[in-house]
Amino acid sequence: MSQLEYIFTIERNEVLNYKTRLMTLLAPADAPADLIQKTGQFVNLEVEGHFLRRPISVCDWEPGRLTLLYDVVGDGTAIMSEWKPGKKVNVLAPLGNGFNLERSGQRPLLIGGGIGIAPLYWLAKELVKQGKEPVVVLGFNSKEELSWEDEFRNVTPEVYVATAAGDYGVKGFVTDVEAVRNAHEHSYYYACGPMPMLKALGQTIDIPGELSLDERMACGFGVCMCCSLRTKDGAKRICKDGPIFTTEELIWK
Numbered sequence: 009m010s011q012l013e014y015i016f017t018i019e020r021n022e023v024l025n026y027k028t029r030l031m032t033l034l035a036p037a038d039a040p041a042d043l044i045q046k047t048g049q050f051v052n053l054e055v056e057g058h059f060l061r062r063p064i065s066v067c068d069w070e071p072g073r074l075t076l077l078y079d080v081v082g083d084g085t086a087i088m089s090e091w092k093p094g095k096k097v098n099v100l101a102p103l104g105n106g107f108n109l110e111r112s113g114q115r116p117l118l119i120g121g122g123i124g125i126a127p128l129y130w131l132a133k134e135l136v137k138q139g140k141e142p143v144v145v146l147g148f149n150s151k152e153e154l155s156w157e158d159e160f161r162n163v164t165p166e167v168y169v170a171t172a173a174g175d176y177g178v179k180g181f182v183t184d185v186e187a188v189r190n191a192h193e194h195s196y197y198y199a200c201g202p203m204p205m206l207k208a209l210g211q212t213i214d215i216p217g218e219l220s221l222d223e224r225m226a227c228g229f230g231v232c233m234c235c236s237l238r239t240k241d242g243a244k245r246i247c248k249d250g251p252i253f254t255t256e257e258l259i260w261k
């Protein structure tokens, strides 16, 4: 067993909505308190019957407890949704480069779409610990997909929600929320969500920021070739070099 490989125990595995699940796992006694070192990192879970592990962004880490949000979108995550409390899970951690909190400024924007809200939660908590005042914008297709709003509101008072269906919060996308339209009032932003959302932000926001591209983080090891992308520093792999990239280094064309 390598130094990054640990056997966690499932504490909770619950339904948040029709496609999203919450899972908390308890770390073994030999896992260091700072096992997950940076917000924005991910872990890889071993799923029985599947050669490649499932990469999942860390939603929260407290010494000894790992919190994950995941969508059921395929066979692997469907199997995960059936796991019961008490089950032992092989976990590789920590993986990925993490967000850079030093560039945040006093009132950074945190913009999440769908399951992309997950890695922004611990980020918001850490920014508040540093005395920062993060402004959070969450986007969903409809109220039916809404999750984790209350948790964000327990961290910071400025939380805005947009739904494409218009059945909750602002009607439209995250780019329609006033906080995003007035992004020039902030000095930095962090975002995670579907690639169309990230591209729209790149065309809308003229302040620097960081994007978590875990929508394209397919296998978690960089061997499946789905995570390759062009940057100003040449080709990079989300699974091996990321999943977080600055807006300055990305090539969107």
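Basically the working numbering = 1-based index in the sequence shown + 8. Quick reminder that beta carbons are idealized off the backbone N, C-alpha and C, glycines included. Since the model is a prediction, treat every value here as computed from it, not as a measurement.
Quiz prompt | Beta-carbon gap between I44 and V66 smaller than 8 Å | solution = yes
Quiz prompt | Proximity of L128 and L118 at Cβ, strictly below 8 Å | solution = yes
Quiz item: Are the beta-carbon atoms belonging to S150 and D175 less than 8 Å from one another?
Solution: yes
Self-check item: Local Cβ density within 10 Å of M233, reported as buried at 16 or more and exposed below that
Solution: exposed
Exercise. Report yes or no: do three or more beta-carbon pairs, one from the stretch 204-218 and one from the stretch 175-185, lie closer than 8 Å?
Key: yes
Quiz item: In chain order, what residues of the same chain have a beta carbon less than 7 Å from the beta carbon of W130, not counting five sequence neighbours either side?
Solution: T47, V66, C67, D68 and W69
Quiz item: Under the DSSP definition of a beta bridge, which residues are partnered with V145?
Solution: I119 and Y168
Quiz item: By the 10 Å Cβ neighbour count, where 16 or more other Cβ atoms means buried, how is S10 classified, buried or exposed?
Solution: Note that S10 has pLDDT 47, beneath the 50 cutoff, so the model's placement of it is unreliable and no number is given.
Quiz item: What separation, rounded to the nearest whole angstrom, lies between the Cα atoms of V55 and F148?
Solution: 28 Å
Quiz item: Where does L219 land, buried or exposed, given buried means 16+ other C-beta within 10 angstroms?
Solution: buried
Practice problem: Let me know the secondary structure DSSP gives Y129 once reduced to three states. | Solution: helix
Exercise. Check the DSSP bridge columns for I44 and list the partner residues they point to.
Key: DSSP, once it has assigned bridges, lists no residue as partnering I44.
Quiz item: Thinking just about the alpha-carbon of each residue, which of D249, G228, F16 and A172 is nearest to the one in P93?
Solution: F16
Exercise. Give me the Cα-Cα distance between E223 and Y78, rounded to the nearest whole angstrom.
Key: 12 Å
Practice problem: With P102 as the anchor, note down where its beta strand (DSSP E) starts and where it stops. | Solution: K96 to L103
Self-check item: Range of the contiguous alpha helix (DSSP H) that encloses R189
Solution: E186 to R189
Quiz item: When you compare only the Cα positions, how much space is there between K244 and G250?
Solution: 8 Å
Exercise. Select from P71, S112, R73 and G57 the residue whose C-alpha is nearest the C-alpha of T85.
Key: G57
Quiz item: Should F229 and T239 be called a contact, given that it needs their Cβ atoms to be closer than 8 Å?
Solution: no
Quiz prompt | Paired residues, beta bridge with F16 - DSSP | solution = V97
Quiz item: Helix or strand or just coil, what does DSSP make of T32?
Solution: strand
Self-check item: Cutoff 8 Å; reference A3; Cβ partners in own chain excluding five residues on either side
Solution: The chain is shown only over 9 to 261; residue 3 falls outside these bounds and no answer can be derived.
Quiz item: If you draw a straight line from the C-alpha of T164 to the C-alpha of V143, how long is it?
Solution: 7 Å
Self-check item: For C247, the first and last residue of its enclosing alpha helix (DSSP H)
Solution: I246 to D249
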